[in-house]
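K.L.:
Got a structure here, written out as structure tokens. Questions coming.
Residue numbers (this note's numbering): 1 to 277.
Encoded structure:
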């Protein structure tokens, strides 16, 4: 590996205050929003569907700007970081790896994250790029800033449909972290187990797993300068989960799932296909 790229929400940053702030804005108990978000996760839906259930027809984007105008906009500080973020990122850089943070967040969130001075070479958000996951263009941009070949770039995230599957279909390596609602709920799904190159429960596991694969770029340093290839090395058809690699019992999941800690989700479950807020 040469470059490690991290998702933001529920990979580096906890989302509990994010949803609590929406509950406060909408005038409902935080537990209500949390429960509805959990229901959306279990159905493979977008977490913001919870807000639309509470306020049918609400334009979430407009509501976000209304909150900001009222002085109740986005906040993100050290309290929102998972405790393993700084030590893990620092150790990865010490191994000579380039560390990038790139996820589905607002431009404001990007400013707040950069203000935290994380041990990362680059912090960028989807709004700053003008494209969101799971769009292939997002992962094309990831490769541009990676400065490494797709198979030397690892994307780390919690969400199968937003992080794991599109990263792999773009030729990148992928690590699934069992963290947050999506990370826990889908961790034992056959497609997730089959597709991810690594499965982790904490970011601090990465240095030990990747130490032997790290390739120091001493000639150019972590600042980059290596032109990415024109195309990913693996096509979507080659990297996406394929029928012939799973048994009939492990075939494409459907809507019903089991909670983490129980056996792998039954064949009635459906992996998430929506974009998380």
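By construction, the Cβ of each residue, glycine as well, lies at the ideal position given by its N, Cα and C atoms. Note that the structure is predicted; figures quoted are calculated from it, not measured.
So what does residue 139 bridge to, in DSSP terms?
P.N.:
According to DSSP, residue 139 bridges with nothing at all.
K.L.:
For residue 106 and residue 151, what's the separation of their Cα atoms in angstroms?
P.N.:
Cα to Cα, residue 106 sits roughly 28 Å from residue 151.
K.L.:
Find the nearest neighbour of residue 64 within the set 79, 94, 53, 48, judged by alpha-carbon distance.
P.N.:
If we check each option's Cα against that of residue 64, 48 comes out closest.
K.L.:
Does the Cβ-Cβ distance between residue 133 and residue 158 come in under 8 Å?
P.N.:
Cβ atoms of residue 133 and residue 158: not closer than 8 Å.
K.L.:
Relative to the C-alpha of residue 128, which candidate in 141, 121, 119, 68 has its C-alpha closest?
P.N.:
The option with the nearest alpha carbon to residue 128 is 141.
K.L.:
On the DSSP letters alone, give me the boundaries of the beta strand (DSSP E) that residue 124 sits inside.
P.N.:
It spans 122-125 - the beta strand (DSSP E) in which residue 124 sits, taken as one unbroken run.
K.L.:
So that I know if they touch, is there some Cβ in chain C lying closer than 8 Å to that of residue 90?
P.N.:
Given the protein chain composition of this structure (a single chain), no chain C is represented.
K.L.:
Would you give the residue range spanned by the beta strand (DSSP E) that residue 22 belongs to?
P.N.:
Careful: residue 22 lies outside any beta strand (DSSP E), inside the alpha helix (DSSP H) at 16-26.
K.L.:
Confirm, please, whether the CB-CB distance from residue 153 to residue 173 is below 8 Å.
P.N.:
Result yes, Cβ atoms of residue 173 and residue 153 sit closer than 8 Å.
K.L.:
Tell me the DSSP secondary structure of residue 175 in three-state form.
P.N.:
Residue state, collapsed to three classes: strand.
K.L.:
Using the C-alpha atoms, what's the distance from residue 125 back to residue 110?
P.N.:
Distance between the alpha carbons of residue 110 and residue 125 is about 6 Å.
K.L.:
At what residue ranges does the stretch 54-132 contain a whole run of the beta strand (DSSP E), taking only runs of 3 or more?
P.N.:
Listed in chain order, the complete beta strand (DSSP E) runs (minimum 3 residues) inside the stretch 54-132 are 98-103, 122-125.
K.L.:
Answer yes or no: the CB of residue 16 versus the heavy atoms of the ligand SAM, is any distance below 7 Å?
P.N.:
Summarising the ligand content, the structure contains no ligands, and the ligand SAM is consequently not present.
K.L.:
Evaluate residue 87 with the Cβ neighbour count: other Cβ atoms within 10 Å of its Cβ, from every protein chain shown; 16 or more gives buried, anything less gives exposed.
P.N.:
Flag for residue 87 reads exposed.
K.L.:
Provide the residue(s) that pair with residue 5 in DSSP beta bridges, ordered along the chain.
P.N.:
Per DSSP, 100, 155.
K.L.:
Spatial neighbours of residue 178 within its chain, please: C-beta separation below 8 Å, excluding the five flanking residues on both sides.
P.N.:
Here the set comprises 158, 184, 187, 199, 200, 201, 260.
K.L.:
Classify residue 185 as helix, strand or coil using the three-state DSSP reduction.
P.N.:
Here residue 185 sits in helix by DSSP.
K.L.:
Considering only residues of the same chain and omitting the five flanking positions on each side of residue 12, which have a CB-CB separation below 6 Å?
P.N.:
Closer than 6 Å at Cβ, skipping near neighbours: 6, 85.
K.L.:
Exposed or buried, residue 213, counting other C-beta atoms within 10 Å across all chains shown (16 or more means buried)?
P.N.:
When all chains shown are included, residue 213 counts as exposed.
K.L.:
Kindly indicate the opening and closing residues of the alpha helix (DSSP H) around residue 38.
P.N.:
From DSSP, the alpha helix (DSSP H) with residue 38 extends over 30-42.
K.L.:
For residue 56, count neighbouring Cβ atoms within 10 angstroms of its own Cβ and tell me buried if that reaches 16, exposed if not.
P.N.:
With fewer than 16 Cβ atoms within 10 Å of its Cβ, residue 56 is classed as exposed.
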